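Chains as they are written, first to last, in this note's numbering: chain G, -4 to 90; chain R, 754 to 1236.
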C-alpha cells in the first residue's frame, strides 16, 4: 500500500490539520515508511487467531447507575477561550 | 391498501428503513457519573470525562447495558454476549472528544423484529441491530449573532440506536413502526419515548423503485423528531425522487434535512465531505462481555408487552382487535383498564375507557395519568349501572360531573338526584298520567302503531327527569296500553 499526495491531503483534512502543499510530498514519504514498517506484521499468519483486545486478562469494569459527578461547570469551562452564560461559545457554525 | 405511488410513467414503490435514536432511561451517563435529567442549567451535568479533558477514562454504566439488553429482548432479538465499542471520528463543536464512542461491527443486540398493523394488515418489520452509543452535546445557534453556544449536558448520555431493515413501504407503516417501537420502549421502561424533549428521534432512509425491482439509491433524512414529521418527510422525499427520475435525473445518495416549516427536505452537502468516520476499536474500553444467565434473568423479568397484552385482551376478555389495540397503546392505559375491568364485565369496562374516558381526555388534552376520574371511581360508576342505581343514559352525565368535581359516582348520583327510579309505583303513576294526557296516541297505539310507544316513554321520562328505569317503563306501558 502506498499513500499518494491526495490521500495525505485528505487524511490531514479529516484530522483538521493544516498542511501546506509543499509539505505533502515529504509527509507522504514519511508515512509510507511507517506503513511499510508496520506491514511487516502482515507476514505473520493469524488464521484462526482471535483479535487481541488486551495484553492482561482483565474484564471490563462496570459502574453503578448513580450520579456521582457533574456540578463542576467552572472547572469544565475553565480552559475555554470563550464562554457566555454558562455555555461554551465557538465561532458561528451554520448548517 | 395500495403501497405504491402513481407517477407520470407508472407505479413506484417506496422503500423505507429507519435508524431510531432512543435515549436510555438511566440516572447517570453511559461512561461517567454525571446526571442525565432534562432541562438543567447549561454545562452543570458535565463531568470531566464528558468534557473530554485529557487523561479522563470512560467506565461503563452497567444499568445502561442492562437496559439495552432488555430492549433487545423486547424486540425478540439476538443478544450478543460479546460486543465491542468503537470510536466514530468526526469534528463538531458539540463533540468534545472528536469521536463518538459507539458500536460498529459488533453491536450488543442483533436481529429482531417489530410487528405492526396498518389497515388491518399485519406486517413484520425486521430489526437489523441495536447498539449503545454516546449522545453529543447541544449547539444553540440563535443566542448571539456572532457565536454558536454549546451545552454539554447531553454529551455522553446513553443512546440506543435501533436500526430497521428496509422493510417499511409507506408513511403509514413508518408511523405505525415508530408508534409500536415507542410503546415497546415505554412498556420496558428503557426509554421514555418523549420526542419533544429529544429522547427519541429518527433518521429515515428513503428510496423508490419500480415494484419488483432491486433497491434504488437512497437518501437519509436526519434527525426527524416527531412521527408526523417523519411521515411528511417521507412523502415529500419520495415524490422528489420520483419527479427527479421521471424527468431524466438520477437520485444522488446524500444526507438531507427535513424543514418542518416548509414541509420539505433539503440537501446537507456540508456533512458529505466529512462522511469518513474511520471507525476503530476504542482502546480505552475492553470488549463488553455478558453472562448468559444474567441475560436470562432479565428476560424472565420482562413485563407483558403490547402485542401479548392485546392478544390476551382478545382471547381471555373477548375484546375486539380494535379496542384491544387502543387499550394497549400505552402501558398506563392498559393498567387503568385492567383496574376498571377487575371483577367487572370487561367489555363494558373497555367501552367506558375507550368511549367516555377517551372522549373526555381528548377534549381536555390530558394524558391518562392526569385523568380526574380514577380507575376505581370509573369502576364505581359501572357498578352503579350494573345494580340499576343509575341508568346508562344518565351515567354519562354522572361521568361528566365526576370529571368536573372529582367526586365519586355514588356522591354525584345522590347530590344531583340522578338515582334511577325502578319503583314501579312511581313509574305507574307517571304512565297513568301520560295515558290520560294522550287519548289520541292511545288510539293510534291500539290501532297498531307500535312506534307511538316512544311518545309515551318520552312523556314518562320527562315527568321523572329521565330517571325512570327504561325497561320498567316499557314493561308497564305495554301492559297498561294493551289492557
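No residue lacks a Cβ here, since even glycine has one placed at the ideal position from N, Cα and C.
The model shown is predicted, which means the values in this text are computed figures rather than measured ones.
At which residues does the beta strand (DSSP E) containing residue i begin and terminate?
i, result
"residue 885 of chain R", "874 to 887"
"residue 1019 of chain R", "1017 to 1020"
"residue 834 of chain R", "Looking at the DSSP string, residue 834 of chain R is not in any beta strand (DSSP E), and its letter there is neither H nor E."
In this structure, how does DSSP classify residue i when only helix, strand and coil are distinguished?
i, result
"residue 807 of chain R", "coil"
"residue 11 of chain G", "coil"
"residue 24 of chain G", "helix"
"residue 791 of chain R", "coil"
"residue 1044 of chain R", "coil"
"residue 933 of chain R", "helix"
"residue 60 of chain G", "coil"
"residue 897 of chain R", "strand"
"residue 841 of chain R", "strand"
"residue 30 of chain G", "helix"
"residue 914 of chain R", "strand"
"residue 1049 of chain R", "helix"
"residue 1197 of chain R", "helix"
"residue 782 of chain R", "coil"
Taking 9 Å as the CB-CB cut-off, is residue i touching chain G?
i, result
"residue 913 of chain R", "no"
"residue 754 of chain R", "Bear in mind that a pLDDT of 45 at residue 754 of chain R, under 50, signals an unreliable position, so the model cannot answer this."
"residue 766 of chain R", "no"
"residue 977 of chain R", "no"
"residue 901 of chain R", "yes"
"residue 796 of chain R", "yes"
"residue 774 of chain R", "no"
"residue 1012 of chain R", "no"
"residue 1238 of chain R", "Look at the range of chain R in this structure, 754 to 1236, and you will see that residue 1238 of chain R is not part of it."
"residue 942 of chain R", "no"
Return the CA-CA distance between residue i and residue j, expressed in angstroms with no decimal places.
i, j, result
"residue 754 of chain R", "residue 889 of chain R", "Only weak support is given to the placement of residue 754 of chain R: the predicted model assigns it a pLDDT of 45, under 50, and the value that follows is read from those uncertain coordinates. The straight-line gap from Cα to Cα measures roughly 40 Å."
"residue 1058 of chain R", "residue 1106 of chain R", "20 Å"
"residue 1000 of chain R", "residue 920 of chain R", "27 Å"
"residue 1030 of chain R", "residue 886 of chain R", "14 Å"
"residue 840 of chain R", "residue 803 of chain R", "15 Å"
"residue 1056 of chain R", "residue 1121 of chain R", "20 Å"
"residue 937 of chain R", "residue 945 of chain R", "10 Å"
"residue 1197 of chain R", "residue 1145 of chain R", "29 Å"
"residue 1199 of chain R", "residue 1173 of chain R", "29 Å"
"residue 87 of chain G", "residue 846 of chain R", "10 Å"
"residue 816 of chain R", "residue 935 of chain R", "20 Å"
"residue 973 of chain R", "residue 31 of chain G", "38 Å"
"residue 49 of chain G", "residue 835 of chain R", "15 Å"
"residue 1098 of chain R", "residue 926 of chain R", "34 Å"
"residue 862 of chain R", "residue 917 of chain R", "12 Å"
"residue 948 of chain R", "residue 42 of chain G", "47 Å"
"residue 943 of chain R", "residue 819 of chain R", "9 Å"
"residue 1238 of chain R", "residue 1164 of chain R", "Any question about residue 1238 of chain R goes unanswered here, given that chain R covers just 754 to 1236."
"residue 858 of chain R", "residue 833 of chain R", "12 Å"
"residue 23 of chain G", "residue 852 of chain R", "25 Å"
"residue 865 of chain R", "residue 74 of chain G", "46 Å"
"residue 968 of chain R", "residue 1019 of chain R", "22 Å"
"residue 875 of chain R", "residue 1006 of chain R", "31 Å"
"residue 829 of chain R", "residue 1017 of chain R", "35 Å"
"residue 25 of chain G", "residue 898 of chain R", "44 Å"
"residue 986 of chain R", "residue 867 of chain R", "22 Å"
"residue 806 of chain R", "residue 72 of chain G", "11 Å"
For the alpha helix (DSSP H) holding residue i, just list the boundary residues, first then last.
i, result
"residue 817 of chain R", "815 to 827"
"residue 770 of chain R", "Residue 770 of chain R -> not in any alpha helix (DSSP H); beta strand (DSSP E) instead, spanning 764 to 776."
"residue 852 of chain R", "Note, residue 852 of chain R: premise wrong, no alpha helix (DSSP H); beta strand (DSSP E) at 852 to 855."
"residue 1188 of chain R", "1177 to 1190"
"residue 1152 of chain R", "1145 to 1158"
"residue 1225 of chain R", "1223 to 1235"
"residue 1216 of chain R", "1206 to 1216"
Please tell me whether residue i has its Cβ less than 9 Å away from any Cβ of chain R.
i, result
"residue 59 of chain G", "yes"
"residue 37 of chain G", "no"
"residue -1 of chain G", "no"
"residue 76 of chain G", "no"
"residue 70 of chain G", "yes"
"residue 55 of chain G", "yes"
"residue 44 of chain G", "no"
"residue 84 of chain G", "yes"
"residue 48 of chain G", "yes"
"residue 26 of chain G", "no"
"residue 3 of chain G", "no"
"residue 80 of chain G", "yes"
Going by the C-beta, is residue i closer than 8 Å to any heavy atom of the ligand GTP?
i, result
"residue 850 of chain R", "In the structure on display, the ligand GTP does not appear, and there are no ligands present to speak of."
So within the stretch 942 to 1009 of chain R, which uninterrupted beta strand (DSSP E) runs reach at least 3 residues, ignoring any that extend past its ends?
953 to 962 and 972 to 977
Fully enclosed by the stretch 1057 to 1133 of chain R, which alpha helix (DSSP H) runs are 4 residues long or longer?
1059 to 1070, 1074 to 1081, 1084 to 1094, 1099 to 1105 and 1111 to 1117
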